[in-house]
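First residue of the sequence shown? That's 566 in this note's numbering, and the numbers climb one at a time after it.
Just so it is clear, CB atoms sit at the ideal spot from N, CA and C, and this is done for glycine as well.
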Amino acid sequence: MLDKIKETAEFIKGKASGEMPRTAVILGTGLGSLVDFMTEKQYIPYSEIPNFPVSTVEGHSGNLIFGVLGGKRIIAMQGRFHYYEGYDMKQVTFPVRVFKALGVDTLFVSNAAGGMNKEFKVGDVMVITDHINLFPENPLRGKNYNELGPRFPAMTEPYSHELIAKADKIAEVQGIRLMHGVYVGTPGPTFETPAEYEYFRIIGGDAVGMSTVPEVIVARHGDMRVFGVSVITDLGGKDITDVPSHEEVQLAAQKAQPTVVKLITEMVSSL
566 MLDKIKETAE FIKGKASGEM PRTAVILGTG LGSLVDFMTE KQYIPYSEIP NFPVSTVEGH
626 SGNLIFGVLG GKRIIAMQGR FHYYEGYDMK QVTFPVRVFK ALGVDTLFVS NAAGGMNKEF
686 KVGDVMVITD HINLFPENPL RGKNYNELGP RFPAMTEPYS HELIAKADKI AEVQGIRLMH
746 GVYVGTPGPT FETPAEYEYF RIIGGDAVGM STVPEVIVAR HGDMRVFGVS VITDLGGKDI
806 TDVPSHEEVQ LAAQKAQPTV VKLITEMVSS L
């Protein structure tokens, strides 16, 4: 793994011009248009990057993009990798390992999620304050490399309290309706049953999705600061009869894009 990380990082350094950014952003379903607000962009398709998987999900473009957002240089992943695509957890989280090798110390993650908090509405943006990991495999399972992080990393603050407070201040100034909640990570690819939505709510979840948690675990393993947001694209529970579809999830995520773009741009600018 160490050799693969080094090989990939060296390839990217050779391709990308300018100073390596210290901030990376992983853009989830329907949220890839953040790159439209970046300047000085340089695209590297995943298919050209050694050891990188290739995203197979509609709504995930599959590019690594270097550029400037909010006056700061960042790396953006336009599309991520999921466990349900058939990748193992080390493949899903490999880009985060490479970011760390490139010098990234702050990671922003976004996703589309189903809401079970009764106060949520479709289109709400939820700051992730914590998560519940229901994936069948932990990305740190197996041999631990001390160069990457400790054998038993603490997860008492998976999402930076400092960055959450910064987001709250920005939301207050910008007039953004910003919710807070716990994200439940599941393997997918099925949407949840009504009973599962109720179960996730009972155990402390506010929103559920099929990504993010593995990436955050690996980022914290490497001592990176993390800030996460979920766009609530559908609602679930025993009293909800609507049948979700991936197309509707994409559409709802796209409608929330201006809010997410504004929030993340302001946060990156303030780093």
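Cut-off 7 Å between Cβ atoms - residues of its own chain near residue i, not counting five sequence neighbours on either side
i	result
P610	G627 and N628
V633	M603, T604 and E605
A818	T594, G595, L596, A677, V796 and T798
G636	S834
D670	R587, M789 and R790
Same chain, Cβ closer than 6 Å to residue i, five either side skipped, listed in chain order
i	result
L800	G680
F664	A589
K803	P759 and E763
K578	none
N698	G750 and V778
E702	M654
C-beta contact flag for residue i and residue j at 8 Å
i	j	result
G750	T721	no
I614	F646	no
E757	V674	no
M642	P660	yes
G746	D771	yes
S725	R638	no
Residue environment, residue i, which counts as buried when at least 16 other CB atoms sit within 10 Å
i	result
E684	exposed
I768	exposed
P723	buried
D788	exposed
P823	exposed
V657	buried
F792	buried
Same chain only: Cβ atoms within 8 Å of residue i, ignoring 5 sequence neighbours per side
i	result
D733	V692 and L743
R706	M654
R766	M681, N682 and G802
Residue i in three-state terms, based on DSSP
i	result
L713	coil
Y652	coil
T658	coil
A719	coil
T824	helix
E684	coil
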